[in-house]
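First residue of the sequence shown? That's -9 in our numbering, and the numbers climb one at a time after it. All residues carry an ideal CB built from backbone N, CA and C; glycine is no exception. Here the structure is a predicted model, which is why all the values come from computation and not from measurement.
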Amino acid sequence: MNDAARYRDRYLQDANDATLTLWACDRGHHWDDAVDAAQNIRCMNCASHRREVEMQRLHGIAQMRGGALLSPGRADIKAPPSWRCAWGHVWDADIESAQRSWCAECGRTVFSKYR
């Protein structure tokens, strides 16, 4: 522990005497960082928890419709997740589109005979 404190003190002297500040989020996670480095950065523990919850929600959307979420990582705007419907069709769609309307190919082929 003393080695870590000495390293931190030496780092602070090398970084133009930047001062570390102790931060805490609403859930009780603590970390220390320089003020300029911590601006606009939130708790990394809470951020990873939010990503896990979002991925569980996406898997739930797919399972509710009998399909699957194929994208293993987190979904973002630049790379929308890949989905597979119960009939095996695969497509890329953002989360809102997947919630509103599911598989466009099924709408054109599978369910067109019921119109």
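Open item on the list: Taking contact to mean 3 or more Cβ pairs, one atom from each stretch, closer than 8 Å, check whether the region 86 to 101 and the region 50 to 66 are in contact.
Closed with: yes
- Can you check DSSP and say which residues form a bridge with L60? Stepping through the sequence shown from its first residue, residue 60 is reached at position 70. Bridge partners of L60: none, in fact.
* Straight-line gap, L60 to A69 (C-alpha atoms, nearest Å) -> Locating residue 60 in the sequence shown gives position 70, where the first residue counts as 1. Locating residue 69 in the sequence shown gives position 79, where the first residue counts as 1. Approximately 13 Å between the Cα atoms of the pair.
Euclidean distance between Cα positions of R47 and L12:
Start at 1 with the first residue of the sequence shown, and residue 47 comes out as number 57. Start at 1 with the first residue of the sequence shown, and residue 12 comes out as number 22. Between R47 and L12, the C-alpha separation is close to 33 Å.
ask   = Going straight from the alpha carbon of A28 to that of D22, what length do you get?
value = What you label residue 28 is simply residue 38 of the sequence shown in a count that begins at 1. What you label residue 22 is simply residue 32 of the sequence shown in a count that begins at 1. Any reading at A28 is ruled out, since the residue's pLDDT is 48, under 50, leaving its predicted position unreliable.
inquiry  = Please identify the residue among E44, G63, M45, G78 whose C-alpha is closest to the C-alpha of G57.
reply    = Here residue 57 refers to the residue found at position 67 when the sequence shown is read from its first residue. The candidate whose alpha carbon is nearest that of G57 is G78.
* In whole angstroms, what separates the C-alpha of R55 from that of A76? -> Taking the first residue of the sequence shown as 1, we reach residue 55 at position 65. Taking the first residue of the sequence shown as 1, we reach residue 76 at position 86. Rounded to whole angstroms, R55 to A76 spans 8 Å at the Cα level.
* For A94, the three-state DSSP class (helix, strand or coil) -> The count along the sequence shown starts at 1 and reaches residue 94 at position 104. In this structure, A94 counts as helix in the three-state DSSP scheme.
**Item:** CA-to-CA distance, A37 to C93, given in whole angstroms
**Value:** Numbered from its first residue, the sequence shown carries residue 93 at position 103. Numbered from its first residue, the sequence shown carries residue 37 at position 47. C-alpha separation (whole angstroms): 30 Å.
Coil, strand or helix - R55 by DSSP: Your numbering for residue 55 matches position 65 in the sequence shown. Coil, per DSSP.
- Query: Under a Cβ-count criterion, where at least 16 other Cβ atoms within 10 Å of its own Cβ denotes burial, should P62 be classed as buried or exposed?
  - Reply: Counting from 1 along the sequence shown, the entry for residue 62 is found at position 72. Exposed, by the Cβ-count rule.
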